[in-house]
Structures are given as structure tokens and as C-alpha cells.
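S.K.:
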Amino acid sequence: KLEDGKVKVEALWPRKKEAALVGTIASHIKNMIIGVTEGFTYKLKIVYSHFPISVKVSGDKVLIENFIGEKNPRVAKIVGDVKVRIEGEDIIIQGINVEDVGQTAANIELATKVKKKDPRVFLDGIYVYEKKRGMYD
């Protein structure tokens, strides 16, 4: 309910799961307010050692080409109303919904996961290195 210009989320005589749900709903509302007023920005770094990775945005997909020398491009889905742009070795994801921005970043990170190789040696991939409130150009 709305009291004195503030949103108040409460449950009468909550059990454990209901009390947890109150906190979850309050966090979702808080993230929605922050998203509309400031927005969210995730920055990812393209890391490679031998084969240069090229990344392109086409429609609602991110195409990752030449990953570990592969011929076929890997595809990551862009979720919701999120803007993705590439600046050199950085991928910048911006949007008003933190869940869509985070899921898009996770999709890109997961698309470059190296399988059946030692992850301590094969460090190629795209990794999140910064999460910020606000949409900066």
C-alpha cells in the first residue's frame, strides 16, 4: 500500500515463506523504481589469447564469431527491451529492467563457455567486469 509517498509491502501474520516473499516483492518494486529513474548498465570484457573474437549485434541476438577458432558463430539471445553495443573490447548492456540486463549478460557469458578443456588454461571468453546503476553513454 501507499503511505506518505512511500510504497509499503507487508503481510499480516506471515509464515516463513510468506515473509520471504514480502522481501522479494519489495526488492522487485525497488529495482523497478531504480530502473525507471536511473537504469542499469553491465559491462563485459572480450578476452582471447590466440584467435581474435569478433562480436556483432543483429536484431535480438549477439553473434560471437571465431571463438577459439570455431567456424560457426555462437549465438546469445538478447532478452526484453535491452540495448547492447560493442566498443572495442567491451560489450555494454543497458536497460531499465535489471533482470533482462542480467539475463542478457549471462546468455553472452554462457555462450562463450569452454567445454571439455581446462578452464584455468583456456581463459578465452566474454566476462562481466562491472555492474552499475544508471545508463551512461
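First residue of the sequence shown? That's 71 in the numbering used here, and the numbers climb one at a time after it. Backbone N, C-alpha and C define an ideal beta-carbon position, used for all residues, glycine too.
1. Can you tell me whether DSSP reads Phe137 as helix, strand or coil?
2. State whether the region 154-171 contacts the region 106-123, with contact taken as three or more CB pairs (one from each stretch) at a distance under 8 Å.
3. So, with DSSP's three-state summary, where would you put Lys147?
4. Determine the closest residue to His120 out of Val145, Asp194, Asn167 and Gly165, with distance taken between C-alpha atoms.
5. So for Asp74, helix, strand or coil by DSSP?
6. Just to confirm the assignment: which complete beta strand (DSSP E) runs, minimum length 3, are found wholly within the region 152-202?
M.R.: Taking the structure as given:
1. Start at 1 with the first residue of the sequence shown, and residue 137 comes out as number 67. Correct three-state label for Phe137: helix.
2. Result yes; three or more Cβ-Cβ pairs closer than 8 Å.
3. Along the sequence shown, read from residue 1 onward, the residue named residue 147 stands at position 77. Of the three classes helix, strand and coil, the one that applies to Lys147 here is strand, per DSSP.
4. In the sequence shown, residue 120 corresponds to position 50, counting from 1. Ranking Val145, Asp194, Asn167 and Gly165 by Cα distance to His120 puts Asp194 first.
5. Here residue 74 is taken as the residue at index 4 of the sequence shown, counted from 1. Reduced to three states, the DSSP call for Asp74 is coil.
6. 153-157 and 160-165
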